[in-house]
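Residue numbers (the UniProt record's numbering): 1 to 993.
Where a beta carbon is used, it is the ideal one built from N, C-alpha and C, also for glycine.
Below: the structure, in structure tokens.
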Amino acid sequence: MRFGILGPLRVGGGEATVTAGRDRVVLAMLLLRAGRVVSSEELVDAVWEEQPPATARAQLQICVSRLRQRLAALGLPPEIIVTDPVGYGVRTEPADLDAEVFAREVEAARAAVAAGQPTEGRRHYRAALALWRGPALSGIPSRSVRRRAQLLDEQRLSVLEECVDVELRLRQAADLIDELTESIDQNPLRERLRGQLMLALSAVGRQADALGVYREGRRIYAQELGIEPGGALQELHQRVLAGDLALTGSGEAPVAAVRCLPRAINDFTGRQQAVARLVQEIEEDAVRIQQIDGMAGSGKTTLAVHVATALAPRYPDAQLFIDLHGHSERTPLTPAAAVATLLRQLGVPAERVPLDLDDRLALWRTELAGRRALVVLDNAASTAQVMPLLPNGPDCLVLITSRRRLVGLDEGRPSSLPVLDADEAVQLLGRVAGEERVAAEPEAAAEVVRRCGHLPLAIRLAGARLAHRPRWRIADLADRLASSRDQLAEFVAGERSVGQAFTLSYAQVSPSAQRVFRLLGLHPGVRFDTPVAAALAELSLPEVQDVLEELVDVHLAEEVEPGRYRLHDLIREYARGLLADPERADERQAALRRLLDHHLDSAAAIAWRIESAASRNSLRLTAPARPDLVAAAIPNGLGWFEENRATLTALVRLAEAEGLPRHCWQLARACWRANFDGGHLDELIETHTIGLRVAEGLGDDPAAAVMLNYLSSAYYRLARFPEAIRLMEVALGLRRRLGLGREVRSTLWNLAASYAANGDYRLAKENFDAALALIGGPDESNELTNLLNNFSFALLNWGRYDDALRTGRQLLLLARQTNDIRQLAHGVANVGMTRHRMGDAGPARRLLRAALYLKRKSGSRAGVGELLNELGMIEQEESRPARAAVLHQEALVAMSDAGDRIGQCASRNLLARAMLHQGDAASALDLHRRVLTDATRLGVRYEQARALDGIARCLRDTDPAAARSHWLRALTLFRQVESPDRHEVERLIAALD
Numbered sequence: 001m002r003f004g005i006l007g008p009l010r011v012g013g014g015e016a017t018v019t020a021g022r023d024r025v026v027l028a029m030l031l032l033r034a035g036r037v038v039s040s041e042e043l044v045d046a047v048w049e050e051q052p053p054a055t056a057r058a059q060l061q062i063c064v065s066r067l068r069q070r071l072a073a074l075g076l077p078p079e080i081i082v083t084d085p086v087g088y089g090v091r092t093e094p095a096d097l098d099a100e101v102f103a104r105e106v107e108a109a110r111a112a113v114a115a116g117q118p119t120e121g122r123r124h125y126r127a128a129l130a131l132w133r134g135p136a137l138s139g140i141p142s143r144s145v146r147r148r149a150q151l152l153d154e155q156r157l158s159v160l161e162e163c164v165d166v167e168l169r170l171r172q173a174a175d176l177i178d179e180l181t182e183s184i185d186q187n188p189l190r191e192r193l194r195g196q197l198m199l200a201l202s203a204v205g206r207q208a209d210a211l212g213v214y215r216e217g218r219r220i221y222a223q224e225l226g227i228e229p230g231g232a233l234q235e236l237h238q239r240v241l242a243g244d245l246a247l248t249g250s251g252e253a254p255v256a257a258v259r260c261l262p263r264a265i266n267d268f269t270g271r272q273q274a275v276a277r278l279v280q281e282i283e284e285d286a287v288r289i290q291q292i293d294g295m296a297g298s299g300k301t302t303l304a305v306h307v308a309t310a311l312a313p314r315y316p317d318a319q320l321f322i323d324l325h326g327h328s329e330r331t332p333l334t335p336a337a338a339v340a341t342l343l344r345q346l347g348v349p350a351e352r353v354p355l356d357l358d359d360r361l362a363l364w365r366t367e368l369a370g371r372r373a374l375v376v377l378d379n380a381a382s383t384a385q386v387m388p389l390l391p392n393g394p395d396c397l398v399l400i401t402s403r404r405r406l407v408g409l410d411e412g413r414p415s416s417l418p419v420l421d422a423d424e425a426v427q428l429l430g431r432v433a434g435e436e437r438v439a440a441e442p443e444a445a446a447e448v449v450r451r452c453g454h455l456p457l458a459i460r461l462a463g464a465r466l467a468h469r470p471r472w473r474i475a476d477l478a479d480r481l482a483s484s485r486d487q488l489a490e491f492v493a494g495e496r497s498v499g500q501a502f503t504l505s506y507a508q509v510s511p512s513a514q515r516v517f518r519l520l521g522l523h524p525g526v527r528f529d530t531p532v533a534a535a536l537a538e539l540s541l542p543e544v545q546d547v548l549e550e551l552v553d554v555h556l557a558e559e560v561e562p563g564r565y566r567l568h569d570l571i572r573e574y575a576r577g578l579l580a581d582p583e584r585a586d587e588r589q590a591a592l593r594r595l596l597d598h599h600l601d602s603a604a605a606i607a608w609r610i611e612s613a614a615s616r617n618s619l620r621l622t623a624p625a626r627p628d629l630v631a632a633a634i635p636n637g638l639g640w641f642e643e644n645r646a647t648l649t650a651l652v653r654l655a656e657a658e659g660l661p662r663h664c665w666q667l668a669r670a671c672w673r674a675n676f677d678g679g680h681l682d683e684l685i686e687t688h689t690i691g692l693r694v695a696e697g698l699g700d701d702p703a704a705a706v707m708l709n710y711l712s713s714a715y716y717r718l719a720r721f722p723e724a725i726r727l728m729e730v731a732l733g734l735r736r737r738l739g740l741g742r743e744v745r746s747t748l749w750n751l752a753a754s755y756a757a758n759g760d761y762r763l764a765k766e767n768f769d770a771a772l773a774l775i776g777g778p779d780e781s782n783e784l785t786n787l788l789n790n791f792s793f794a795l796l797n798w799g800r801y802d803d804a805l806r807t808g809r810q811l812l813l814l815a816r817q818t819n820d821i822r823q824l825a826h827g828v829a830n831v832g833m834t835r836h837r838m839g840d841a842g843p844a845r846r847l848l849r850a851a852l853y854l855k856r857k858s859g860s861r862a863g864v865g866e867l868l869n870e871l872g873m874i875e876q877e878e879s880r881p882a883r884a885a886v887l888h889q890e891a892l893v894a895m896s897d898a899g900d901r902i903g904q905c906a907s908r909n910l911l912a913r914a915m916l917h918q919g920d921a922a923s924a925l926d927l928h929r930r931v932l933t934d935a936t937r938l939g940v941r942y943e944q945a946r947a948l949d950g951i952a953r954c955l956r957d958t959d960p961a962a963a964r965s966h967w968l969r970a971l972t973l974f975r976q977v978e979s980p981d982r983h984e985v986e987r988l989i990a991a992l993d
């Protein structure tokens, strides 16, 4: 075997032949998941745990490269470690890894035992156990490794127990006593092993020793866990005492029983028949999966808990409960999070819970195998959420509650829960409010529950009001319900009684709180802050804070963190319904305008501070209606956009739907810089597409041109240059027709930048020259800086270094004069990159580092990535490939954050070149090929050419013919885009001749 993990790490037949600590962790993680890809994130977590350095990904790549070199030195093929876009993996043959051989031997053993061949089964079991050299991966302290290694150790113990069962049946008890005694010493809480030792001792006539083993275990369980031994071990103890112990069964001792069901409520009323019916059906029909669906507030969870409690004696080993949050204000639990919680309920230590979902599910099913367990999956969102959690064991029952009918489940009996009948509803009201009060006013009680729609949630809310107001008559409550308007009935007929119950709570708060509550229903996001409520209600911040506290007190709102609130989903629907009344149309429209004004004013004010002077021209910055609220938002800067991104996008949709076009397109424009720099291109495209549609519908050509211009930027960042060019040409036509000279210039230089990025430098220069010809006045310096920035960058990539340097210096001088920090960063960066390409590495490095500081300060992630790549190229040229790799890896992270697909391709090409210069040709070749695939799909000819060049460099020593073919393809592309890189490729091709 080439690799061993069932003990200290073994490679190539020797112990600890990989000595570097990080390399050992990485190799261990890969071997623990042999044949599968381990993500880079998991590997980084395993190596550095809570404190990964900023260069973690690059250092990880270096670890992998060292491992490949080490494997080659040990006579193993380095391509055993494979690279994937997600991470890395180890490709092993069937006999390469001891853990895989162990698994196959165990599988063969189990098959033999099942076929009635215990002797053959014992042989395979012992062959599997003989592979172990100690605790799995001992000596590697990484918590991630230890968690997975402990799972292997647990598997070894389970296999040992299975093997002992077989050997006891084969009458080999005497040979097992020493091994079992040692195993119990090492694992004193393991009941199954303890029971097997008692069986073995009894089989050789040592009943007194067997009883001593039981007493010692009971003492340990009491001291360590505060519990008695399990039922099976107690039964085994009684059989030893009685002297009637015989080796007829498997000798298994069950694990301790688990009781995690919630307490069943005392006033459970009206569902006794439903409980009896479900219990009978489950018992008689051997149901394994029972679904309970119904409307919100119908009592599904309460019913499931009572059914589970009634059936608990049939499932003594485990009774589990989990809220999946499928229909609540919380995000639904993922299967991974849910199964982790369930494993913890079973007593699995956190460190033993695997990170991988498939491994978690395997452990979950292993833990339930052989147990008589009942699992309640409450508040399920969908079939997809539930399916992975279903156990395989024949002795398990799953109860699932959901507001939806889970029709996608292949197995499972559905049961829809209706509302209570009239008698049951009155009985429930009596349990909550007082049976004597209900008996004294039967007609009023009947009216109350009728007004509640016989829905348990509504009845409980109404009863709670009565219970807390002992001086009220039930008739008073009935009168209040009768005089209240049922708004939710207009939207969802099945939720009518919930609306009545919420109306009661709503009626108890002050008029000011009622008004704020109504208006909050307009907010389209999940959460809102105090300024939003103040804007909606035209209140000061202190005033609205008091009102929100009142709403929190009566559970009409919840404060999730200081200053941030949310409404429960049903309550939010109720609030929205209150404003649907035609009589409140003016109130609703005015509040909606205030809501949009607040977000537009805040977004524009922040955007004005983060955008360049030239791009501010299309921002409509007016005096805000609430300067106090805008002032509260401004200090948060980009953080305000990040916190409200989903809400802002929803507000653009809402503005279109409500016929407020100015708010719609101007809000989209105000969010542009935050979405563009933050890499939120989906949101940018959606909001500007809506804004364009609205502007065109209005016939507002200037607004349409703004939307077209900024919409094109998203396609530019996505490397969809033809689409970006098409949109800008439409915008250019509109602006020329309108005579908007300043806007025509900006469109021309943006169009030129797109042509340059697409490799069409001559068309780019034509548009730059056209834009430059339109700039003349001294007050147009902001426009000139934008143009010079784009022009110098295009000249740089075109290889016109003298022109690029001259243009870059012009930009730098002008940016200093105008004190434009963003353009100053561009100027320093462009001059630094040009000096580097001209061979002046020392000055270039100083300029690039200064530019990097400025770009980081401005939050331009794509700009940061460009500069890191340029610095990495300098390190590469100065024979420091390891440092270059670190910089290119950092650049890749920055480009990914920005959503810059071209930048990602560039970073990966440069990283691959650094890897090649470190001697890792296999990894470099693999990465270049993946970049070629991506760049071809994007249509980015320059990065395609660089990838082909890189592939050729990897192949030239081993396959010169293939290298020539790739270089010729690269040369064709470099010539198409007129790149100066073509000269180096021509030299390399000539060198092959």
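Limits of the unbroken alpha helix (DSSP H) element including residue i
i, result
"E436", "435-440"
"N790", "781-798"
"E561", "Element bounds for E561: not the alpha helix (DSSP H) but the beta strand (DSSP E), 558-561."
"P511", "511-520"
"residue 1012", "This structure does not reach residue 1012, given that the chain is present from 1 up to 993, and the question cannot be answered."
"S979", "No alpha helix (DSSP H) contains S979, which DSSP labels as neither H nor E."
"S746", "741-757"
"L30", "21-32"
Straight-line Cα distance separating residue j from residue i
i, j, result
"D981", "L813", "30 angstroms"
"L131", "L6", "7 angstroms"
"R762", "E986", "23 angstroms"
"S39", "A362", "19 angstroms"
"M838", "V828", "15 angstroms"
"Y942", "E723", "18 angstroms"
"V64", "I81", "8 angstroms"
"I902", "L692", "26 angstroms"
"A16", "A149", "Since pLDDT at A16 reaches only 47, below the 50 mark, its modelled position is unreliable, and the value read off the structure follows with that caveat. Whole-angstrom Cα-Cα distance: 17 angstroms."
"L824", "D677", "17 angstroms"
"N869", "P78", "28 angstroms"
"W672", "R737", "25 angstroms"
Continuous beta strand (DSSP E) stretch holding residue i: start and end
i, result
"C396", "396-402"
"R413", "413-416"
"R564", "564-566"
"G679", "G679 -> no beta strand (DSSP E), and no H or E assigned at all."
Whole-number beta carbon distance between residue j and residue i, since they are thought to touch under 8 angstroms
i, j, result
"L596", "W608", "With 8 angstroms as the limit, L596 and W608 do not qualify as a contact, their Cβ atoms being about 18 angstroms apart."
"Q280", "L409", "About 22 angstroms; that fails the 8 angstroms criterion."
"C954", "H917", "C954 to H917, Cβ: 11 angstroms. No contact."
"L37", "A56", "In the sequence under discussion, the amino acid at residue 37 is Val, which differs from the Leu named in the question. With a Cβ gap of about 18 angstroms, V37 and A56 do not count as contacting."
field: Within the stretch 572-638, ranges of the alpha helix (DSSP H) (whole runs, at least 4 residues)
entry: The stretch 572-638 is shown to contain whole alpha helix (DSSP H) runs of 4 or more residues at 585-610, 627-633, in chain order.
- prompt: Should the stretch 681-690 be called in touch with the stretch 710-727, which here means at least 3 C-beta pairs below 8 angstroms?
  reply: Flag = yes, the stretch 681-690 and the stretch 710-727 touch.
query: How do the stretch 340-360 and the stretch 290-307 stand: do at least 3 beta-carbon pairs fall below 8 angstroms, yes or no?
result: Taking 8 angstroms as the limit for Cβ pairs, the verdict is that the stretch 290-307 does not touch the stretch 340-360.
field: Contained alpha helix (DSSP H) runs [length at least 4] in the stretch 821-909, N- to C-terminal order
entry: The alpha helix (DSSP H) runs of length 4 or more contained entirely in the stretch 821-909 are, from start to end of the chain, 821-837, 841-858, 861-877, 881-898.
query: Curious, which full-length beta strand (DSSP E) runs of at least 3 residues does the stretch 262-329 contain?
result: Those beta strand (DSSP E) runs which fall completely within the stretch 262-329 and span 3+ residues are 289-293, 318-323.
task: Taking 8 angstroms as the threshold, find out whether the stretch 459-478 comes into contact with the stretch 421-436 through three or more Cβ pairs.
output: These segments touch.
- request: Give a yes or no on contact between the stretch 793-805 and the stretch 752-772, applying the rule of three or more CB pairs nearer than 8 angstroms.
  value: Cβ pair count under 8 angstroms is three or more, so yes.
task: Give a yes or no on contact between the stretch 623-642 and the stretch 505-517, applying the rule of three or more CB pairs nearer than 8 angstroms.
output: No: the two stretches stay apart, fewer than three of their Cβ pairs being nearer than 8 angstroms.
- request: Answer yes if the stretch 850-861 comes into contact with the stretch 874-892, meaning at least three C-beta pairs across the two stretches below 8 angstroms, and no otherwise.
  value: Taking 8 angstroms as the limit for Cβ pairs, the verdict is that the stretch 850-861 does not touch the stretch 874-892.
- prompt: Is it a yes or a no for the stretch 146-165 touching the stretch 192-201, going by three-plus beta-carbon pairs under 8 angstroms?
  reply: Look at the beta carbons and you see the stretch 146-165 touching the stretch 192-201: at least three pairs across the two are nearer than 8 angstroms.
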